[in-house]
Every structure is written in C-alpha cells, then in structure tokens.
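Per mature numbering (1 follows the signal peptide of the UniProt record, and there is no 0): the sequence shown = residues -32 to -1, 1 to 150. Virtual Cβ for every residue (Gly too), placed ideally from N, Cα, C. These notes concern the structure reproduced below.
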Amino acid sequence: MLVSQCRCLPEVRFALAGLALVTLTLSSPIFAASSNAESQTSAQKENTIPSSNSRFTVLNEFNNEAVRDNTTGLVWELSPRLEVYDWDRAHRQCSASTAGGRTGWRVPTVDELSSLVDPASTDLKLPAGHPFTHIESAIYWSATKHKDHTGYAMFVNLSSGRSAALEKYMASFVWCVRGGND
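Here it is, written out as structure tokens:
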C-alpha cells in the first residue's frame, strides 16, 4: 500500500516500506496513550528459567515458549509470529494461539504493551537483557480502540517507544499476552 492510498487521520503521517512502519510523526495530543500498566502478581513461581534480566522469567511450564514479566505479572509469547495482520485478524490469531501448549491468549492493551517499552534502549525499545526473540523494531497492535474514531485502534511502535492510532484495516504485527485483564 502506498502512503497516498492510506486513509489515515491527518494527525498521523507515516511512510511504509512494504508493510513495515518506517517513520511516525505525531502532532495531536488525542493520540497520546498512557504507558502506566497496573502491577500484578503471579501465582506460579516454580519451574521457571530466569533470563539475564531479572524482570523476565522464561516459563518451563509453557514449554519455554512464554515469558512472565515479573513487574506486571503478564505472560508474553517468547517469539511472536513474524506475520502482519489487520486488527480483527490479530485478535483471531491471539484467540487461536496455543503458544506454550496453552490457550487463553489475547491482544494486549496499549498500556500493557507500553509497559514493555524502555525509552533508554536504542533501536528496539525493550529492556536490555530481555529474553524475547523475533521481535521486530516496528508497530504492534493493541486491543485498545481509539476513543473518538471507531475505525482506528492503538498500536505501540517498538522502534520509537511511542503509541498512536492506525486504521484497523492496516497490517501490523501482534504480540499475544495472557493474564491481566483476561
């Protein structure tokens, strides 16, 4: 899709290389999203492999295919799919996921996804020493709908660490999660 073909709100301008987001310019405060995630605890502590970053634990009970964020209690896919989806299909993809031999996966909220962002990191805005693999320095869908525009949903750009809105028919990566607001 060419940028000229995109029916984006005027406040969001971006250039596409194939389907990957290259740049993002935000000029309206209506697209700002809070990056505060509610802290939660985890019930399962046994059968885990600590990562080099004590914030994250790779979970043996999920066949080492999932990671618990020890700060939020959320369980993330270790290696999200390297495919892009429109917003509705992203939800279907997570709902159908059996990562780690488990069901119950979902698309994270914008706050949950933003809780992974480390603004001090370069290129990929994840904390140093994170155990995740196959994470693109690109945009990832959230389950959060835009409050004023029903055809738009929020995403987090893991290249810049910022969140903004995109039309739901556009393609983006998705990183499934369990826990929290299930």
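When the alpha-carbon of isoleucine 107 is set against those of Asp79, Cys62, Met122 and His114, the nearest one is in Met122. In this structure proline 99 is buried. Its beta-carbon is surrounded by 16 or more other beta-carbon atoms within 10 angstroms. Histidine 114 counts as buried, since no fewer than 16 other beta carbons sit within 10 angstroms of its beta carbon.
C-alpha of arginine 130 to C-alpha of valine 35: approximately 23 Å in a straight line. If you keep only unbroken alpha helix (DSSP H) runs of at least 4 residues inside the segment 47 to 96, you get 55 to 64 and 78 to 82.
By the beta-carbon neighbour count (other beta carbons within 10 angstroms, threshold 16), aspartate 91 is exposed. In the pairwise beta carbon analysis, the segment 140 to 148 is classified as touching the segment 53 to 64: at least three pairs are separated by under 8 Å.
Sixteen is the threshold: since fewer than 16 other Cβ atoms of the shown chains lie within 10 Å of the Cβ of glycine 69, the residue is exposed. Contact annotation, serine 105 with serine 127: C-beta distance approximately 4 Å; criterion of less than 8 Å satisfied. Listed in chain order, the beta strand (DSSP E) elements of length 3 or more contained wholly in the segment 110 to 138 are 120 to 125 and 131 to 135. A direct Cα-Cα distance of roughly 17 Å separates threonine 101 from serine 65. For serine 63, same chain residues with a beta-carbon under 8 Å away, outside a window of 5 residues either side, are Trp73 and Arg74 in chain order. Scanning its chain for C-beta atoms nearer than 6 Å, with the 5 sequence neighbours on each side dropped, one finds around asparagine 32 the residues Val26, in chain order.
Counting along the chain, the unbroken beta strand (DSSP E) around valine 26 starts and ends at 24 to 27. Only buried fits glycine 147, as 16 or more other CB atoms lie within 10 angstroms of its CB.
Assigned with DSSP and collapsed to three states, phenylalanine 141 falls in strand. Taking arginine 49 as reference, the option from Val43, Asp37, Trp55 and Ala67 with the minimal CA-CA separation is Ala67. Straight-line spacing of the CA atoms in leucine 84 and proline 95 works out to 7 Å.
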